[in-house]
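Going down the list, the protein sequences come from chains A and B.
Numbering-wise, the first sequence is residues 3 to 152 according to our numbering.
Numbering-wise, the second sequence is residues 109 to 254 according to our numbering.
Using N, Cα and C, we set each Cβ at its ideal position, and we do this for glycine too.
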Amino acid sequence: MKRILAALSAGALFGAGLDESNMADPRKVLAFLDVFGQWDPSLLWVMVGAVTVYAIGYRLLIRRDRPWLAHTFNLPTASRIDVRLLGGMALFGIGWGLSGYCPGPALAGLGLSNPDVFALVPSMLFGGWIADYWSKAPSLPVKTIAAEAK
Amino acid sequence: MGGHVSNFTPWSALYGGILIGLASLWLMATLGRIAGISGITYSLLPPKAGDALWRVAFVIGLPLGACLWSFWHGHAHATSHAPAWQLALAGLLVGMGTRLGGGCTSGHGICGVARLSPRSLVAVPVFMATAMLTVALIRHVFGSTP
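Following this line, the structure appears as structure tokens:
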């Protein structure tokens, strides 16, 4: 029960932050991405605020043996820079630029009675499912470059 | 970086960013998990026993928090006025891309960058570049919206 409340409150605080920063408004996001138009740097400040808080807090947190409500810290260890990462991120960027929605604001929009996300979220989930299906196909060419070489 | 700076809201952006950073820290402090929205969501398709409830709670909390905060602050919320097919196509690309690339603006952009993850430090400039290029093409080459 504590774990569920922790996750619920983390999600709610994240959603509140998205709304406070206006990042759930696609026009605000697109104004940041429109570097050749009326550029609005607000999104950069959201990143600066979030990254600064997380960078400091994270370093203090992982000195502890374990999180409060779980046995271990689950930290991604992958460091390969491969075609999947580059291609995936390129596709994501195109979708982001096409709509002004990344996954967080898209889900937050479900609570803001924003009609956009009722078209976007189902196809986003479907897209994630397709990617999973592809990834399991053995023919997927994966070329890796050691991260250290970068 | 041409054009004029317009509608810049540095303070609400910074406050909101700090809230997002605190939310991500809270999830790490309590459950030891990275606050990556795409990863948290997609790992529910299909749900795995013992690992689903916290994900469901987070995914419900996100719109709930946004909803409550918007009531409190009275933000006027607007939509993009993009046609449904464009939103659906965008969703498909966002879903495929973030699943293949293992993260989005939150997992790579915030947590990964703050942890100096090499994958995230590559991911962010790649998706920023293709997103900016897409907007440039839509708005300034084809003269379309949004």
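1) With a cut-off of 8 Å, do at least 3 Cβ pairs link the segment 122–135 of chain B to the segment 45–55 of chain A?
2) Rounded to whole angstroms, what is the Cα-Cα separation between B:Val-202 and A:Ser-101?
3) When we look at the beta-carbon of A:Asp-27 and count the other beta-carbons within 10 Å, is it buried (16 or more) or exposed?
4) Take B:Met-236 as the anchor and find which of B:Gly-217, B:Ser-225, B:Thr-253 and B:Gly-251 has the nearest alpha-carbon.
5) Helix, strand or coil for A:Asp-42 per DSSP?
6) For A:Leu-122, which residues of its own chain have a beta-carbon under 7 Å away from its beta-carbon, when the five flanking residues on both sides are left out?
7) Which same chain residues end up closer than 7 Å to A:Asp-67 when comparing Cβ atoms and leaving out the 5 residues on each side of it in sequence?
8) Would a check of beta-carbon distances place A:Asp-118 closer than 8 Å to chain B?
9) Would you please state the rounded distance, in angstroms, between the beta carbons of B:Leu-139 and A:Ala-57? I believe it to be under 8 Å.
10) So the candidates are B:Phe-116, B:Ala-190 and B:Pro-154; which of them puts its Cα closest to the Cα of B:Pro-254?
11) For the segment 21–32 of chain A, which residues have a beta carbon sitting closer than 7 Å to at least one beta carbon of chain B?
12) Give the range of the alpha helix (DSSP H) segment to which B:Ala-174 is assigned.
13) Taking only the alpha-carbon atoms, compute the straight-line gap between A:Leu-114 and A:Ser-137 and give it to the nearest angstrom.
14) If you measure from the beta carbon of A:Arg-5 to each beta carbon in chain B, is any gap under 8 Å?
15) For a test of the three-state rule: what should DSSP assign to A:Leu-71, helix, strand or coil?
16) Chain B partners of A:Asp-36, CB-CB under 7 Å?
Working from what's here:
1) yes
2) As a first step, residue 202 of chain B must be located in the second sequence, where it is residue number 94. As a first step, residue 101 of chain A must be located in the first sequence, where it is residue number 99. So the alpha carbons of these two residues sit roughly 10 Å apart.
3) The residue you call residue 27 of chain A lines up with position 25 of the first sequence. Under the 10 Å beta carbon count, A:Asp-27 is surrounded by 16 or more other beta carbons and is classified as buried.
4) Residue mapping note: residue 236 of chain B aligns to position 128 of the second sequence, counting from 1. Of the candidates B:Gly-217, B:Ser-225, B:Thr-253 and B:Gly-251, the one whose C-alpha sits nearest the C-alpha of B:Met-236 is B:Gly-217.
5) Against the first sequence, residue 42 of chain A aligns to sequence position 40. Assignment of A:Asp-42 by DSSP, reduced to helix, strand and coil, places it in the coil class.
6) For this step, residue 122 of chain A is matched to residue 120 along the first sequence. Here the set comprises Ser-101, Tyr-103 and Ala-108.
7) Translated into the one-based positions of the first sequence, residue 67 of chain A becomes position 65. Closer than 7 Å at Cβ, skipping near neighbours: no residue.
8) Sequence index remark: in the first sequence, residue 118 of chain A carries index 116 (1-based). True, the Cβ-Cβ gap to chain B drops below 8 Å.
9) As a position in the second sequence, residue 139 of chain B is number 31, starting the count at 1. As a position in the first sequence, residue 57 of chain A is number 55, starting the count at 1. So it is not a contact: roughly 19 Å between Cβ atoms.
10) Residue numbering aside, residue 254 of chain B sits at position 146 when the second sequence is read from its first letter. If we check each option's Cα against that of B:Pro-254, B:Ala-190 comes out closest.
11) Asp-21, Glu-22, Ser-23, Asn-24, Met-25, Ala-26, Asp-27, Pro-28, Arg-29 and Leu-32
12) Within the second sequence, residue 174 of chain B is the residue found at index 66, counting from 1. For B:Ala-174, the uninterrupted alpha helix (DSSP H) segment begins and ends at 161–181.
13) For this step, residue 114 of chain A is matched to residue 112 along the first sequence. For this step, residue 137 of chain A is matched to residue 135 along the first sequence. When only Cα atoms are considered, A:Leu-114 and A:Ser-137 end up about 33 Å apart.
14) The sequence position of residue 5 of chain A within the first sequence is 3, counting from 1. True, the Cβ-Cβ gap to chain B drops below 8 Å.
15) Residue 71 of chain A sits at position 69 when you count from the first residue of the first sequence. Coil, per DSSP.
16) One-based indexing of the first sequence puts residue 36 of chain A at position 34. Here the neighbours are Val-243 and Arg-247.
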